[in-house]
Amino acid sequence: MPFFRFQYIVRAFFCDLGRFIASFPVPFVLLPVALSIACSVGIYLNRDLMETDYENSLTDFFPENSESWQNMHALRKLFIIDKFNVFSGISFLFLKKNLVYVIMASSRKNGSVISEHGLRCASDLISRIKEMKVSYQSAEYTWKDICFSTEEGICAEHPLTQTLTLLKNTHHIAPSMQPLLYYPTISIDGFLVDNTPILGGVTTRQTDNSLTRAAAMRILFFLREAHSDEDAVVNELWRKAFLKTVENICYPGYSLYWSSWLSFMEEIQRNSEALWPYFPYLGLILLLMTVGGCCDGNAVTSKPWLGIYGLLSATFAILTSTGILFYCRYSYVPMVMMMPFLVLSVSVDNVFLMLSSWRATKPSNTVEDRTAESVGNSAVSILITSLTDGLSFLVGNLTPFPAVQVFCTHCALALLCTFTYQMSFFTALLALDGRREVSRRHCLTFRRTIKHTKDSSCSPKNHFIDNVNIGWRSFDKCNEIFSTSLAAVVCSPFSKVIIIIMYLAYVAFFCYGLATVVVGLNVEHLLPRRSYVAMTLKMNDRYFSSYADFATVFVNQTFSINSRVDQQRFLNLYYSLTSTEFSAPGEFWLTEAMAFAQRLNESLVQEPRRAEMVLSKFFADNRYQHYLSDIGFESDSLRTAKYMKMSVRLRNAGRCNYTRIAEIMTRRFKESSLSGFVFHPGFLLVDQDSLVLQTLIQDIFVAMATMVLVVMLFMSSYWSVAWVGIAIVSICLGVIGILSFWHVHIDMISMITITMSIGLSVDYIAHATYHYSVNYFGPLSNALTYRHVGIPTVQSGLLAIAGVSALVFLESHMVETFVKTVFLVVVIGMAHGLIFMPALLSTIMPDASGEKESRSIETRKNHKLEALPTIVDRWQNEEAPTGLSSRKVSTFGQQMNAHLKYDGQKVQVSKIG
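Numbering (our numbering), first residue to last: -12 to 900.
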């Protein structure tokens, strides 16, 4: 392989680096600490980045190049809310600014809110909300002071709401309300009143469309536009008072659901706030596991402080990376709060790799040499892990979703800093702890444990080596038993048949899951469980989707008002859009203007001045004044218009039908050959869903190619690289398929975790394949591979699972997806690294490599050197310690069944004993 020598360059570099750090450890301890403190100050000074801009932060969850997002901003710029259209085009998925509402729904089967009791409860609810008062700067504000006022100076509200307010003290409300209880619309004094935004779950009489039952009532409150900072503060105070008041109101037989224009983003922010209490649990779990994994039962050779140093190293790296980004004023999203849980879980296991390398060095060597050897041996594995994890997150920056880009950037930089601190800060502390070990001091108290003696047979050096051997012997014993036993079980012919059957069952299982996977963002999954906003959205879908809100049709084309051709084209478009299974007639100024002209025995298709006069009378009528804002005229004249809009009512427009509605509406608009678009807030989700799958596939291919390229730098066999790539695909598809059984949709949240899983999966399979390829020179390959990667892989997997287990009880769909993905990656990755890949490689390696008998002497030497030495190897390469006879060495060696003896020409396998 062309890059095969790259690993030796890396090893030599980090070996020299380790020796240098061990010679001068103090600067490498103090400098990272000072840098972490400086970056922590940066986080504090720029803490305003963590203050969510609720009004604009919703943009983080939608694609930057989304067509619907651009269309929405174009409409907001051209058609502002005024006194004429305050109730038009209301969306209850993403609320208009300064809108709050409450839904009163019957909690009884066949219950109704238009009964006498229901109407009285609704009237009381409206009155209690309007009676709220807020104070600001010694001034008191009532509902009339802050409501959205009409030209007459009264609060803009629906006639049903207004009538219920007036009938508060009436003895019988139902008879007085009956003239208004029609569905979907009712005409009052020539004005057409739409009752569909207010009443839901209705049953009507077929004769006159009067209501017999309504399961829910939605009461809307519009606040004034904030023209100053004081207005904005008062509106916000009233909004918070509204949320608190409604939460404490209860009516027998009815349930209340409520929301406001900022509630959605506030609840998303609550996801991150809920993570704070779990940080102590994360620290405690990781502390116990790392400290426990660094102890071997001996007071001198145990290194519990290294476990603490490892946590400090990762923590300092997180503070440093976050501080750097905060100093640069980089964006922040609530999801970033999950980053420490991930980084700590996947990076602390590097402590075990370096400790394992330290234990494999010769105790008689100097601390500088042992540190250099430890860093050189472990740097390749740690570099593979860091590169694959970091690059997998950098791939996430290819997505068009700003929230995903921000999260991936924070994670990638944190992993880079973690590797840097591991190779500097932690290495320096490892060298200092090595000096403690050499001076025979206690691992906790640092007091000397062995006194000097004149007996040469009990010299301090011999006592120290005895302690080292005793401490390491139990660890190596467990490692030998685990590696030899697992190798014998996994790589036996009978077991391989069972493993093949298991793998085929696994493939069939995840393929079925892939066939049933659901693509699309459920907005409730962005919210914590039991969120009041999530419940409100469900009630909107349940009761008010039959006659939903309106889709806006924007025509950006200059036309003449009196042109018959233009009028016919617009009418054809309107009738086409309103005649689908998901639509009904809405509001179109042209149909109303033509009907108005007909009543005057006039027509819009005539001499321009005459047509302009008719249109001027139309807009002067109070019933049609609101249509004036639907058209953009070129000048003060009403003859030529630059653009216009029409509204189409949506029917049966639950969130499950948004994709179908968008397809039909967009196709029919394109068939008209007019310039413009159709927009509904639900189309934002449609655009997101279409880009999620496309982006996920793109990220998977890019990440896989990147991971394979990284593996190529350290693998000597093309076949090994190929099988690693296949294993990455197997793990990634397995994670996606099994997630579908856990009811996890493919959305922007799971897209992050799935892309992350590609990098994490390499940790488990690349090491096994790497060590198998470098150790392949006889029947001992399986046992040697398991000796290198068996226990470290199990430790790494358990540590990752333990790290995210602190979040299991957090009631958040976003966090739940994160935990499930990490758990699946660890379990499936360990199964591939410890079972599937060894069984496969032991079967195909002799045939696939084609080099079993043709390897060069030099390659054999290199492969021999890459095997971490066992205790038996160390004991055979140096004088046996005092008190430990060669007979004992031989007996211990028999438990390995075989050892490797290099005769200068080839590797031979010989029995001991």
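Where is the CB? At the ideal position from N, CA and C, for every residue including glycine.
DSSP, reduced to helix, strand and coil, places residue 608 outside both helices and strands of the structure shown, so it counts as coil.
Residue 568 and residue 97 have their C-alpha atoms roughly 27 Å apart. Here the alpha carbon of residue 29 sits roughly 13 Å from the alpha carbon of residue 303. Inter-residue distance for residue 694 and residue 306 is about 27 Å (C-alpha atoms, whole angstroms). In the DSSP annotation of this structure, the continuous segment of the beta strand (DSSP E) that includes residue 632 starts and ends at 627 to 638.
A direct Cα-Cα distance of roughly 43 Å separates residue 354 from residue 717. The C-beta of residue 193 has fewer than 16 other C-beta atoms within 10 Å across all chains shown, which makes the residue exposed. Judged by DSSP secondary structure, residue 252 falls within the alpha helix (DSSP H) whose first and last residues are 250 to 260. Between residue 183 and residue 171 the beta-carbon gap is near 5 Å, inside 8 Å, which marks them as a contact. DSSP places residue 181 within a strand segment (E or B) once states are collapsed to three. When only Cα atoms are considered, residue 317 and residue 229 end up about 34 Å apart. The straight-line gap separating the alpha-carbon atoms of residue 399 and residue 808 is approximately 18 Å. DSSP, read as helix, strand or coil, puts residue 335 in coil. According to DSSP, residue 190 shares a beta bridge with 200. C-alpha of residue 244 to C-alpha of residue 795: approximately 28 Å in a straight line. A residue is called buried when at least 16 other Cβ atoms come within 10 angstroms of its Cβ; residue 205 meets this threshold and is buried.
Counting every other CB atom within 10 Å of its CB across the protein chains shown gives residue 499 a total below 16, marking it as exposed. Nearest Cα to residue 87 within the set 95, 103, 117, 66: 117. Residue 575 is a Cβ neighbour of residue 633, given a cutoff of 9 Å. For residue 157, the three-state secondary structure derived from DSSP is coil. By the Cβ-count criterion, residue 422 is exposed, with fewer than 16 other Cβ atoms from all chains shown falling within 10 Å of its own Cβ. Annotation for residue 272: the continuous alpha helix (DSSP H) segment containing it runs 266 to 280. Taking C-alpha positions only, residue 798 is separated from residue 287 by approximately 44 Å. For residue 661 against residue 544, the beta-carbon gap comes to about 6 Å, under 8 Å, which counts as contact. Contact between the segment 217 to 228 and the segment 558 to 565 is absent: fewer than three C-beta pairs spanning the two stretches fall below 8 Å. With a beta-carbon spacing of about 6 Å, residue 290 and residue 420 fall inside the 8 Å limit used to define contacts. Taking C-alpha positions only, residue 486 is separated from residue 636 by approximately 58 Å. If you draw a straight line from the Cα of residue 297 to the Cα of residue 366, it comes to about 15 Å. The Cβ neighbour count for residue 585, taken over all protein chains shown within 10 Å, is under 16; the residue is labelled exposed. Of 681, 668, 824, 655, the smallest CA-CA separation from residue 708 is found for 824. The residue from 711, 686, 683 with its alpha-carbon nearest to that of residue 696 is 711. When DSSP assignments are scanned along the segment 379 to 420, the uninterrupted stretches of alpha helix (DSSP H) that are 4 or more residues long and fall wholly within it turn out to be 389 to 408. Between the segment 253 to 264 and the segment 530 to 543 there are fewer than three C-beta pairs closer than 8 Å, too few to call the two in contact. In terms of Cβ geometry, residue 627 and residue 382 do not form a close pair [threshold 9 Å]. Collapsing the DSSP output to three states places residue 173 in a strand. In this structure residue 732 is not in contact with residue 559, their Cβ atoms being roughly 38 Å apart against a cut-off of 8 Å.
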